[in-house]
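For reference, the structure discussed in these notes is given below.
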Amino acid sequence: MYNFDKAINRSNTNSVKWDKEAIKGICGNENALPFWVADMDLETSSAIYKAINNAAEFGVVGYPKDGDSLVSLFSGFVKQRHNYEIDENLTTYTQGMLHGIALAVSVFSAKKDGVYVPTPCYRPFHTIVDNLERRYIPSPLSYSNGSFSLDKERFLKDSKDAKIILFCSPHNPSGVVFSKEELAFVLKTAKERKQLVISDEIHADLTHPSITHYPMGLVNEEINADCITFFAPSKTFNVAGEHFGMAVFSSKALFDSFKKAQEGLWLTSPGYFALEIGKAAYSNSLDHNRELSTYLEENKNFIKDYLAKELPSLKLTNAEASFVCFIDCKEIMDKVLAFKEKNPTLFPNEAVLSHFFGTQAGLCFNDGTWFGPEYGQFIRFNYGTSRERVSFALNRMKEAIDLL
Numbered sequence: 007m008y009n010f011d012k013a014i015n016r017s018n019t020n021s022v023k024w025d026k027e028a029i030k031g032i033c034g035n036e037n038a039l040p041f042w043v044a045d046m047d048l049e050t051s052s053a054i055y056k057a058i059n060n061a062a063e064f065g066v067v068g069y070p071k072d073g074d075s076l077v078s079l080f081s082g083f084v085k086q087r088h089n090y091e092i093d094e095n096l097t098t099y100t101q102g103m104l105h106g107i108a109l110a111v112s113v114f115s116a117k118k119d120g121v122y123v124p125t126p127c128y129r130p131f132h133t134i135v136d137n138l139e140r141r142y143i144p145s146p147l148s149y150s151n152g153s154f155s156l157d158k159e160r161f162l163k164d165s166k167d168a169k170i171i172l173f174c175s176p177h178n179p180s181g182v183v184f185s186k187e188e189l190a191f192v193l194k195t196a197k198e199r200k201q202l203v204i205s206d207e208i209h210a211d212l213t214h215p216s217i218t219h220y221p222m223g224l225v226n227e228e229i230n231a232d233c234i235t236f237f238a239p240s241k242t243f244n245v246a247g248e249h250f251g252m253a254v255f256s257s258k259a260l261f262d263s264f265k266k267a268q269e270g271l272w273l274t275s276p277g278y279f280a281l282e283i284g285k286a287a288y289s290n291s292l293d294h295n296r297e298l299s300t301y302l303e304e305n306k307n308f309i310k311d312y313l314a315k316e317l318p319s320l321k322l323t324n325a326e327a328s329f330v331c332f333i334d335c336k337e338i339m340d341k342v343l344a345f346k347e348k349n350p351t352l353f354p355n356e357a358v359l360s361h362f363f364g365t366q367a368g369l370c371f372n373d374g375t376w377f378g379p380e381y382g383q384f385i386r387f388n389y390g391t392s393r394e395r396v397s398f399a400l401n402r403m404k405e406a407i408d409l410l
């Protein structure tokens, strides 16, 4: 049993989430309590902790054998967690989620090719597309009554000229888990148009127990579109500081092209500690994953209940996975903007809600503009911490809003 009610003090530990300068840059108050960067203040699994200690105590950090040994362990994990039997011969490691996505976009598209991305979107997706000189095609998800979902008509229209369909499933920042039917629609459309579907499933393993997540690759077994499904233990086990992940390909042609590109850049193995973490994560940490997923869903429900009773002007969107959610602050925006007019020096950029809650509540959130300029009415709340800290943050939010 894990005690997730005990949040770990990460101050002065080289954590970007807790770095005062970084916090000030987001919300204008270096002393604000951080609820922004998507890692947790909760302990990793005991198996991972022991693996790291054992590797360090050995005293030699030499060249590790390649990461192929991870594949069978990962295969067993996704079978248990998602009932997904991967083809191990079409699976490999990556040097992290974003690196894997960037390499795939580089290999399977050319300059000026379009990359469709549903919005609100994790900002590095946009950065990758721009840096690789591809054409970024943002397309808003449907949003109604606090729920995000795929707008099929808009998807058909906006993705028409794309070479690649880049999904985040479950979705970041909203936390929505796309339905099997929605994913099948995307895959069937992509197959008809000869498009590649890339699915970032970094949040999948923390899907809440009451919800079922369908990996893109699993749904694709009956469709056979060109598809790459990326996983990583980063969010699952709170090990984002070790950059590696796993990639599952729908065909040998895709797999071979990706591996050739990896080898061309000499990306032939995860790091020494990353490999040990991966082995422990995928072989002996399912108990941690199940307990943590339950705790996080309870945190989400705590937020939902608090807002309904104490802050009905704020709406929690349909968060169904992981530890981040979007909170819709539309009903208080007029008051916040009026406060901004009276205190312009507190608001140096378009991130109005970040600076409002940073300076007036002592809380650091990414506001919605980080995920797209049209989402300024939202904040992303990271509830991957103790319930006591979640409660503290909600009370501070209420105090600040009540003074408007």
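Taking our numbering, the leading residue of the sequence shown gets 7, the next gets one more, and so forth. Quick reminder that beta carbons are idealized off the backbone N, C-alpha and C, glycines included.
Cβ distance (whole Å) where residue i is taken to contact residue j below 8 Å
i      : j      : result
Leu147 : Thr125 : 7 Å
Pro215 : Glu303 : 6 Å
Asp413 : Gln383 : Only positions 7 to 410 of the chain appear in the structure, and residue 413 is not among them; the question remains open.
Lys169 : Leu202 : 7 Å
Leu79  : Val111 : So it is not a contact: roughly 27 Å between Cβ atoms.
Ala399 : Leu39  : 7 Å
Ala53  : Ser291 : 5 Å
Phe279 : Ile58  : 6 Å
Tyr122 : Leu172 : 7 Å
Tyr389 : Asn305 : 4 Å
Lys310 : Leu322 : 5 Å
Burial state of residue i (16 or more Cβ within 10 Å)
i      : result
Val135 : buried
Trp24  : buried
Val67  : exposed
Arg296 : exposed
Leu410 : exposed
Ser150 : exposed
Pro379 : exposed
Tyr55  : exposed
Trp272 : exposed
Ser153 : exposed
Phe353 : buried
Leu317 : buried
Glu282 : buried
Ser17  : exposed
Pro239 : buried
Thr218 : exposed
Thr274 : exposed
Asn178 : buried
Met7   : exposed
Tyr288 : buried
Gly270 : exposed
Asn20  : exposed
Thr133 : exposed
Thr365 : buried
Ala108 : buried
Gly65  : exposed
Glu394 : exposed
The beta strand (DSSP E) enclosing residue i, as first and last residue numbers
i      : result
Met252 : Gly251 to Phe255
Arg199 : Element bounds for Arg199: not the beta strand (DSSP E) but the alpha helix (DSSP H), Lys186 to Arg199.
Asn388 : Phe384 to Asn388
Ala367 : Where Ala367 is concerned, there is no enclosing beta strand (DSSP E), given that its DSSP letter is neither H nor E.
Ser205 : Leu202 to Asp206
Ser112 : That residue, Ser112, is in no beta strand (DSSP E); its alpha helix (DSSP H) goes Met103 to Phe114.
Ile170 : Ala168 to Cys174
Gly34  : Per DSSP, Gly34 belongs to no beta strand (DSSP E) and is neither H nor E.
Phe154 : Ser153 to Ser155
Thr125 : Gly120 to Thr125
Ser148 : Ser148 to Ser150
Span of the alpha helix (DSSP H) around residue i
i      : result
Leu410 : Premise fails: Leu410 is in no alpha helix (DSSP H) and is neither H nor E.
Thr98  : Where Thr98 is concerned, there is no enclosing alpha helix (DSSP H), although the beta strand (DSSP E) it sits in stretches over Thr97 to Thr100.
Arg140 : From DSSP, Arg140 is part of no alpha helix (DSSP H); its letter is neither H nor E.
Ala61  : Ser52 to Phe64
Ala38  : Ala38 -> no alpha helix (DSSP H), and no H or E assigned at all.
Gly82  : Asp74 to His88
Phe161 : Lys158 to Asp164
beta-carbon residue i near the ligand FMN non-hydrogen atom, thresh 7 Å
i      : result
Ala267 : Among the components modelled here there is no ligand, and therefore nothing to report on the ligand FMN.
Q: Could you tell me whether the segment 224 to 236 touches the segment 323 to 342, using the rule of 3 or more Cβ pairs below 8 Å?
A: no
Q) Is it true that the segment 366 to 377 meets the segment 20 to 35, where meeting means three or more beta-carbon pairs spaced less than 8 Å apart? A) yes
Q.
Could you tell me which whole alpha helix (DSSP H) segments of length 4 or greater appear in the segment 210 to 277?
A. 222 to 225 and 258 to 270
(Q) Assess contact between the segment 227 to 234 and the segment 196 to 216, defined as three or more Cβ pairs (one per stretch) separated by less than 8 Å. Is contact present? (A) yes
Q. Does the segment 234 to 254 come within contact of the segment 93 to 105, defined as at least 3 CB pairs closer than 8 Å?
A. Taking 8 Å as the limit for Cβ pairs, the verdict is that the segment 93 to 105 does touch the segment 234 to 254.
Q | Length-filtered (3 minimum) beta strand (DSSP E) runs lying within the segment 298 to 343 | A | 330 to 334
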